[in-house]
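> Provided herewith is a single structure, encoded as structure tokens, for subsequent inquiry.
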Amino acid sequence: MNYELLSPDTLTPQLKARRLELHNLLTLKLKAKKGTPSGHLRIEQKNGGRRIQFYHCTSSSKPRGVYLPVSQAALAGQLAQKDYDEKVIKLLKRQLTLLEKLLHLSEKNISELYSRLCPARQKLITPVTLTDTQYIEVWQNVQWESRPFAADAPVITTARGERVRSKSEIIISDILTHCGVPYRYEYPLNLKKNGNFYPDFLCLNVRTRQEFIWEHFGKMDDPEYSTNAAGKLLIYGENHIYPGKNLIITMETQDCPLNPRYVENLIKKFLL
Numbered sequence: 014m015n016y017e018l019l020s021p022d023t024l025t026p027q028l029k030a031r032r033l034e035l036h037n038l039l040t041l042k043l044k045a046k047k048g049t050p051s052g053h054l055r056i057e058q059k060n061g062g063r064r065i066q067f068y069h070c071t072s073s074s075k076p077r078g079v080y081l082p083v084s085q086a087a088l089a090g091q092l093a094q095k096d097y098d099e100k101v102i103k104l105l106k107r108q109l110t111l112l113e114k115l116l117h118l119s120e121k122n123i124s125e126l127y128s129r130l131c132p133a134r135q136k137l138i139t140p141v142t143l144t145d146t147q148y149i150e151v152w153q154n155v156q157w158e159s160r161p162f163a164a165d166a167p168v169i170t171t172a173r174g175e176r177v178r179s180k181s182e183i184i185i186s187d188i189l190t191h192c193g194v195p196y197r198y199e200y201p202l203n204l205k206k207n208g209n210f211y212p213d214f215l216c217l218n219v220r221t222r223q224e225f226i227w228e229h230f231g232k233m234d235d236p237e238y239s240t241n242a243a244g245k246l247l248i249y250g251e252n253h254i255y256p257g258k259n260l261i262i263t264m265e266t267q268d269c270p271l272n273p274r275y276v277e278n279l280i281k282k283f284l285l
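Residue numbers for the sequence shown follow my numbering, beginning at 14 and rising by one.
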């Protein structure tokens with residue numbers, strides 16, 4: 014669920030990266046152009062394209078140009094590349110100009126408009142965006158009822174005092190908390206045709222506002238358990254929930270326990 018009318022600006026960093034890429038390419042092509050031969054290449058195709066002739070055009074008074082024999086194929090290649098690069102340079106300059114204008118406009122951040130208002134005015138306004146702190150607060154204030162614990166289940170708690178079902182879930186929870194990633198433990202999801210599902214964690218990428226389901230499969234060396242895990246993943250897929258898109262998966266066996274470093278890497282990849 015989205016609590017904002019306008020999603021956060023994740024485009025500006027991409028635009029800046031694109032600007033740098035275009036600038037570097039423009040510099041490279043301008044440098045390469047200095048050593049190219051003068052003129053341009055004209056190509057004639059005869060007999061339905063079965064016969065191709067190259068001409069080196071250096072003067073507007075001789076638009077047909079000078080015929081290039083096979084022995085000068087390298088020159089034809091240089092001229093063709095030069096003609097192409099000149100078009101690339103023209104487009105690069107145009108795109109860079111447009112990017113600069115767009116980046117200049119993006120400096121006027123909509124999310125900052127609300128924070129600049131006096132508190133009295135803020136109370137009268139519903140902003141189109143929230144600060145990260147505000148969004149986290151709203152997101153975490155949602156109430157839900159998790160699955161009940163069995164009477165004989167061991168009491169295992171995380172660093173923030175939350176009861177979970179395994180030591181591996183403690184690892185995941187504590188690393189999420191350490192990294193500042195908000196999450197809901199066993200938050201019920203109503204999936205089409207399958208009713209309520211209780212994923213281990215529902216995590217929030219604060220920067221993008223995207224939610225990720227995190228499922229940990231802790232007994233993958235148990236045939237019945239692994240079969241059920243595969244079935245759960247199929248159900249997720251039927252509901253457009255896919256690994257790497259909006260689903261994070263970890264698993265372990267007795268001989269291959271959960272690696273905390275791997276958990277950290279997943280968090281950096283998808284949740285920060």
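Even for Gly, the Cβ is constructed at its ideal location relative to N, Cα and C.
Everything numeric in this text was worked out from a predicted model, so none of it was measured.
Could you tell me the alpha carbon to alpha carbon distance between Asn252 and Asn203, rounded to whole angstroms?
Along the sequence shown, one-based indexing puts residue 252 at 239. Along the sequence shown, one-based indexing puts residue 203 at 190. Using only the alpha carbons, I get a separation of about 10 Å.
> Pairing CB atoms from the region 30 to 42 with CB atoms from the region 95 to 115, are three or more of them under 8 Å?
The region 30 to 42, when compared against the region 95 to 115, does touch it at the 8 Å Cβ threshold.
> Is the separation between the beta-carbon of Ser181 and that of Gly231 shorter than 7 Å?
For this step, residue 181 is matched to residue 168 along the sequence shown. For this step, residue 231 is matched to residue 218 along the sequence shown. Yes, Cβ-Cβ distance for Ser181 and Gly231 is below 7 Å.
> Going by DSSP, what residues sit across from Ile261 in a beta bridge?
Walking along the sequence shown from the start, residue 261 turns up at place 248. In the DSSP output, where bridge partners are listed per residue, Ile261 has Trp227.
> Would you mind stating whether Tyr184 and Leu271 have Cβ atoms separated by less than 7 Å?
By one-based count along the sequence shown, residue 184 stands at place 171. By one-based count along the sequence shown, residue 271 stands at place 258. Here the sequence assigns Ile to residue 184, which means Tyr is not the residue at that position. The answer is yes: Cβ separation under 7 Å.
> Since I believe Pro21 is in contact with Thr142 (beta carbons under 8 Å), could you give me their beta-carbon distance rounded to a whole number of angstroms?
Taking the first residue of the sequence shown as 1, we reach residue 142 at position 129. Taking the first residue of the sequence shown as 1, we reach residue 21 at position 8. With 8 Å as the limit, Thr142 and Pro21 qualify as a contact, their Cβ atoms being about 7 Å apart.
> In chain order, what residues of the same chain lie with their CB nearer than 6 Å to the CB of Gly48, ignoring the 5 residues before and after it?
Reading the sequence shown from its first residue, position 35 is the one you call residue 48. Counting only Cβ-Cβ distances below 6 Å, and skipping sequence neighbours, we find nothing.
> Taking its Cβ as the centre, do 16 or more other Cβ atoms sit within 10 Å of Tyr255, making it buried, or is it exposed?
Translated into the one-based positions of the sequence shown, residue 255 becomes position 242. Exposed: under 16 other Cβ atoms inside 10 Å.
> Sort Arg176, Ala163 and Glu228 by Cα distance to Phe210 and report the nearest one.
Against the sequence shown, residue 210 aligns to sequence position 197. Taking only the C-alpha atoms, the option nearest Phe210 is Glu228.
> Once the 5 residues before and after Asp187 are set aside, which same chain residues still bring their CB inside 7 Å of it?
Position 174 of the sequence shown, counted from the first residue, corresponds to residue 187. Same-chain partners within the cutoff: Thr171 and Ala172.
> Please list the segments of the beta strand (DSSP E) lying wholly inside the region 39 to 92, counting only runs of 3 or more residues, in order along the chain.
The qualifying runs are 53 to 59, 64 to 70 and 79 to 81.
> Could you check where the alpha helix (DSSP H) with Asn278 kicks off and where it finishes?
Your numbering for residue 278 matches position 265 in the sequence shown. Segment Pro273 to Phe283, the alpha helix (DSSP H) holding Asn278.
> Roughly how many angstroms lie between the CA atoms of Ala89 and Gly52, to the nearest whole one?
Against the sequence shown, residue 89 aligns to sequence position 76. Against the sequence shown, residue 52 aligns to sequence position 39. Rounded to whole angstroms, Ala89 to Gly52 spans 11 Å at the Cα level.
> Give me whichever residues DSSP pairs with Pro256 in a beta bridge.
Taking the first residue of the sequence shown as position 1, residue 256 is located at position 243. DSSP lists Leu260 as partners of Pro256.
> How close, in whole Å, do the beta carbons of Pro195 and Leu217 come, if the pair is a contact with beta carbons under 8 Å?
Position 182 of the sequence shown, counted from the start, is the residue given in the question as residue 195. Position 204 of the sequence shown, counted from the start, is the residue given in the question as residue 217. Pro195 to Leu217, Cβ: 5 Å. Contact.
> Quick one: what's got a C-beta closer than 8 Å to Tyr68's C-beta in the same chain, skipping five residues either side?
Against the sequence shown, residue 68 aligns to sequence position 55. Counting only Cβ-Cβ distances below 8 Å, and skipping sequence neighbours, we find Leu54, Arg55, Ile56, Glu57, Arg77, Gly78, Val79, Tyr80 and Leu81.
> Does the Cβ of Ala242 have 16 or more other Cβ atoms within 10 Å, making it buried, or fewer, making it exposed?
Sequence index remark: in the sequence shown, residue 242 carries index 229 (1-based). Answer is buried; the Cβ neighbour count reaches 16.
> Take the Cβ of Leu92 as the centre, count every other Cβ of all protein chains shown within 10 Å, and call the residue buried at 16 or more, exposed below.
Position 79 of the sequence shown, counting from 1, holds the residue named residue 92. Buried, because 16 or more other Cβ atoms sit within 10 Å of the Cβ of Leu92.
> Helix, strand or coil for Ile169? Go by DSSP, reduced to three states.
Numbered from its first residue, the sequence shown carries residue 169 at position 156. Strand, per DSSP.
> Hey, would you say the C-beta of Val177 is under 6 Å away from at least one heavy atom of the ligand ADP?
Looking for the ligand ADP in the displayed structure turns up nothing, as the structure carries no ligands at all.
> Which term fits Val276, buried or exposed, when burial requires 16 or more other beta carbons within 10 angstroms of its beta carbon?
The residue you call residue 276 lines up with position 263 of the sequence shown. Label assigned to Val276: buried.
> Which residue from Lys121, Pro161 and Lys282 puts its Cα closest to that of Cys192?
Residue numbering aside, residue 192 sits at position 179 when the sequence shown is read from its first letter. Of the listed residues, the one whose Cα sits closest to Cys192 is Lys282.
> State the DSSP-derived secondary structure class of Arg129, mapped to helix, strand or coil.
Here residue 129 refers to the residue found at position 116 of the sequence shown. In this structure, Arg129 counts as coil in the three-state DSSP scheme.
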